[in-house]
Structure formats: structure tokens, C-alpha cells
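Just below is one structure, and these are the notes that go with it.
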């Protein structure tokens, strides 16, 4: 077997499954499908020509070969982490341009507040922010890194190296006058794209059957549309909470944060979901 035939991505999936004993939990953490995790493990076993896990009702249990492989994999992981820290220690020597694409609300509320700190740490790096919700080609080098807010359950193509940063709570919003005067007879939902009917943002609200009308792909503009009384919309809580002329739709509260159990409100404090996102920037 050629030594280059083992992919590091497969090793990372192997380590994650070995630690959690569950392909499903690893899939949820990484934002991929359960079948993707299983396929990665199967591919690694095929390349090694060894069985690494017993699959049973208790999940994924390491075999003797799996235990041996885990030791080697952890050592490789530690060496790579040490190499990364060593090389990042020379951050003052890093220079050049990096193109990062992201939606407007991520740029304005989550990235720009940290860009000065980043610039002080890496003064020779020029950051080009490509603010858009459209999919830009990483393969054609239209962007180097993409930050995206995806619906729950959305999958990233396997050819990309992707990492789920956090869950961002969202809620349904409208202007006080619109909620009081237009619902339910003349109400409408503002959409994000042509996929809104399939995703059905309104299904867990008191008005799941209101029609979708208009598609506005930029969060800041959609927020202004809500404030002007154009309709109801589902928006990230960190964007809309506390904005004058915009309130949460009664009965349309978001689920609590899965980590701290608290619903995000920008004007009081940040829940751990947003903190965990900012710690990675």
C-alpha cells in the first residue's frame, strides 16, 4: 500500500468517531451526513485493509487494530498541532492577500468588530471582504475562505474542507404596526431565496400558512424591509434584537441555545453560541 493513499481527512473522521463512539453525533458536529462519516470510515478501513470498529447497538467500538491505529493517529494529530503552533509563532512574517466571502450581517456584526485586532496581529496581510450571500467558487480562486449561514441539515460538498462554527439562534420579526394591523388577513413572509417554500421558516409560528412574497438575500436590507412594514421575516437574533421599530413575533420565539439553554439577546448579553463563534475569528 502506498503511504500517500491515506487521507488526513479520513484520519480526522476516525479520531472523532473513536472519541464519541457515534457516527451520527460526529455528523451533527461537523455538519455532514451520517452516510458521509460511515463512508469515510469504510474508506480508511479499505485502505488499511484492517477492521477498525465493531458496529453494534452501542455504536462504534474500537477493535484491537483500531486501538493501535488510534495511538498512531493521536500522535500524528499532536505533531501537526505542534507544527501549527510553531509556525503561527512566526505570524509577524505572514504577508499577502486573503479573500474571504461572507453575508453582510456576518461582516458587519461578527467580523468587522475583530478586524482591527487581526490587523494589529498580522499587519502585512491584506483582507479582501467579498460581501455576498451568493456561492463563489473556491476552486476558481474567486475566494479563499467562505463563511456562510446555512439552514439546519444543509450539507457542504465533500470537495470542500468545512467546519461548523456554531449554531446561531434566529427568530421571526415584524414591525409593531404590521403585526397589529396586517395579521393574519393581509400578512406575508419575506423570503431569502426561492428555497424558502421548501425550508418553510414559518412552520413553527402562529402563521405558518401566510404566503411568501419577495426575496431579499441581504440580511441588513431585509431588516430594513421589516422595519418599514413590508412583511415578517426570520432573522438572526444578534442582528434584529433591540433594533428600534422591530420586535419579535409573539409566539415565534426561537429554540434555546443547545449549549447554555438561553435565547440570544444582543442588548443584554451574548449567549455562548455567539461567543464560541467569535473565539474562532
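Numbering (our numbering), first residue to last: 5 to 285.
Ideal Cβ positions, reconstructed from N, Cα and C, are used throughout, including at glycine.
On a predicted model such as this, the values are computed, not experimentally measured, just so you know.
Query - C-beta neighbour in chain C for residue 182, strict 9 Å - result: Absent here is chain C; the protein component of the structure consists of one chain.
Query raised in the report: beta strand (DSSP E) containing residue 158: first to last residue?
Result: Along the chain shown, read from residue 1 onward, the residue named residue 158 stands at position 154. Counting along the chain, residue 158 falls outside any beta strand (DSSP E), and DSSP gives it neither H nor E.
**Report entry** Limits of the alpha helix (DSSP H) - the one that residue 120 falls within
**Finding:** For the purposes of this step, residue 120 is taken as residue 116 along the chain shown, with counting starting at 1. First-last of the alpha helix (DSSP H) with residue 120: 116-125.
Query raised in the report: Based on Cα-Cα distance, which residue from 217, 130, 171 and 86 lies nearest to residue 33?
Result: For the purposes of this step, residue 33 is identified with residue 29 of the chain shown, where counting begins at 1. Here the closest residue by C-alpha is 171.
Query - residue 88 in three-state terms, based on DSSP - result: Walking along the chain shown from the start, residue 88 turns up at place 84. Residue 88 falls in the helix class under three-state DSSP.
Query raised in the report: When burial is assigned at 16 or more other CB atoms within 10 Å of the CB, is residue 12 buried or exposed?
Result: Here the question's residue 12 lines up with position 8 in the chain shown. Flag for residue 12 reads exposed.
Query raised in the report: Does DSSP put residue 262 in a helix, a strand or coil?
Result: The residue labelled residue 262 in the question sits at position 258 within the chain shown. Residue confidence for residue 262 is low, a pLDDT of 44 falling below 50, so the modelled location carries little weight; the figure read from the coordinates is stated next. Coil at residue 262, not helix or strand.
Query raised in the report: Comparing alpha-carbon positions, which option in 101, 147, 222 and 135 lies nearest residue 127?
Result: In the chain shown, the residue the question calls residue 127 occupies position 123. Answer by Cα proximity: 101.
**Report entry** Integer Cβ distance of residue 58 from residue 67, believed to fall under 8 Å
**Finding:** If you number the chain shown from 1, residue 58 lands on position 54. If you number the chain shown from 1, residue 67 lands on position 63. Rounded, the Cβ-Cβ distance is 6 Å, consistent with contact.
Report task. Taking the CB atoms as reference points, tell me whether residue 182 and residue 191 lie closer together than 9 Å. Result -> Taking the chain shown and counting its residues from 1, the one referred to as residue 182 is at position 178. Taking the chain shown and counting its residues from 1, the one referred to as residue 191 is at position 187. The answer is yes: Cβ separation under 9 Å.
Report task. Can you have a look at residue 262 and say buried or exposed, based on whether 16 or more other CB atoms are within 10 angstroms of its CB? Result -> Translated into positions along the chain shown, residue 262 becomes position 258. Reliability fails at residue 262, whose pLDDT of 44 lies under 50, so the model's placement of it is uncertain and the value that follows must be treated cautiously. Exposed, by the Cβ-count rule.
Query raised in the report: Taking buried to mean at least 16 other C-beta atoms within 10 Å of its own C-beta, is residue 123 buried or exposed?
Result: Position 119 of the chain shown, counted from the first residue, corresponds to residue 123. Counting Cβ neighbours within 10 Å, residue 123 comes out exposed, since fewer than 16 surround it.
**Report entry** The alpha helix (DSSP H) enclosing residue 136, as first and last residue numbers
**Finding:** Position 132 of the chain shown, counting from 1, holds the residue named residue 136. That residue, residue 136, is in no alpha helix (DSSP H); it is neither H nor E in DSSP.
Report task. Alpha carbon to alpha carbon, how far is residue 17 from residue 287? Give it in angstroms, no decimals. Result -> The chain is shown only over 5 to 285; residue 287 falls outside these bounds and no answer can be derived.
Query raised in the report: According to DSSP, is residue 192 helix, strand or coil?
Result: Stepping through the chain shown from its first residue, residue 192 is reached at position 188. Correct three-state label for residue 192: coil.
Query raised in the report: By the 10 Å Cβ neighbour count, where 16 or more other Cβ atoms means buried, how is residue 44 classified, buried or exposed?
Result: Taking the first residue of the chain shown as position 1, residue 44 is located at position 40. Buried is the call here.
**Report entry** Status (buried if at least 16 other CB within 10 Å, exposed otherwise) for residue 116
**Finding:** Along the chain shown, one-based indexing puts residue 116 at 112. Residue 116 is exposed by the Cβ-count criterion.
Report task. For residue 83, count neighbouring C-beta atoms within 10 Å of its own C-beta (all shown protein chains included) and say buried if the count is 16 or more, exposed if not. Result -> On the chain shown, residue 83 is found 79 positions in, with the first residue counted as 1. Label assigned to residue 83: exposed.
Query raised in the report: Is the CB-CB distance between residue 149 and residue 104 below 9 Å?
Result: Translated into positions along the chain shown, residue 149 becomes position 145. Translated into positions along the chain shown, residue 104 becomes position 100. Yes.
**Report entry** In DSSP terms, what residue 177 is bridged to
**Finding:** Here residue 177 refers to the residue found at position 173 of the chain shown. Bridge partners of residue 177: 237 and 252.
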